[in-house]
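Residue numbers (our numbering): 366 to 513.
Where a beta carbon is used, it is the ideal one built from N, C-alpha and C, also for glycine.
Read the structure below first, then the notes.
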């Protein structure tokens with residue numbers, strides 16, 4: 366999405382992030398669960414997921430949070446540092462579907478940016494997230510604050 370870093374003075378409330386479509390595959394679901402050390406069987410065993418009342422394995426919240434974080438930091442650039450993330454889950458992400466991430470800047474306070482992100486699939490909203498990030502100057506590293 367973005368090869369450079371955005372500066373806070375280039376961002377305004379109401380700015381929309383480009384849409385990102387992510388195919389939901391069993392591999393993505395299982396790999397995300399393993400990467401976040403979520404060994405709950407519904408995230409890797411289709412039969413156990415069915416026995417527990419769902420049609421298939423489904424994505425974990427940690428996997429979703431990783432994808433939301435990547436979406437926002439790819440847009441903001443390499444100088445962006447996440448300082449907050451909250452996510453409310455809705456409908457599950459099952460293999461064979463596509464999650465479409467969309468975002469909108471909801472606050473700009475100095476170098477702190479807040480972005481509302483929605484991840485939707487064919488059944489509705491999978492995730493509603495609030496992401497807060499800080500942008501530092503990519504040219505001049507931030508100097509530590511010194512207090513007496």
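- Of the residues assessed, residue 474 falls on the exposed side of the cut-off, its CB having fewer than 16 other CB atoms within 10 angstroms.
- Note on residue 489: under 16 other CB atoms within 10 angstroms of its CB, so exposed under the neighbour-count rule.
- Rounded to whole angstroms, the Cβ separation of residue 484 and residue 472 is 20 Å, and the two are not in contact under 8 Å.
- Of the residues 389, 380, 376, the one whose Cα lies closest to the Cα of residue 461 is 389.
- The Cβ atoms of residue 477 and residue 499 sit closer than 7 Å to each other.
- Separation of residue 487 and residue 370 (C-alpha to C-alpha, rounded to the nearest whole angstrom) is 32 Å.
- Ranked by Cα distance from residue 394, the first of 383, 382, 416, 432 is 432.
- With respect to residue 470, residue 380 sits close: the two C-beta atoms are nearer than 7 Å.
- One thing to note: residue 430 has its Cβ within 7 Å of the Cβ of residue 452.
- Between the alpha carbons of residue 444 and residue 501 lies a gap of roughly 6 Å.
- Within its own chain, the residues whose Cβ lies closer than 7 Å to the Cβ of residue 378, once the five positions on either side in sequence are excluded, are 470, 471, 472, 473, listed in chain order.
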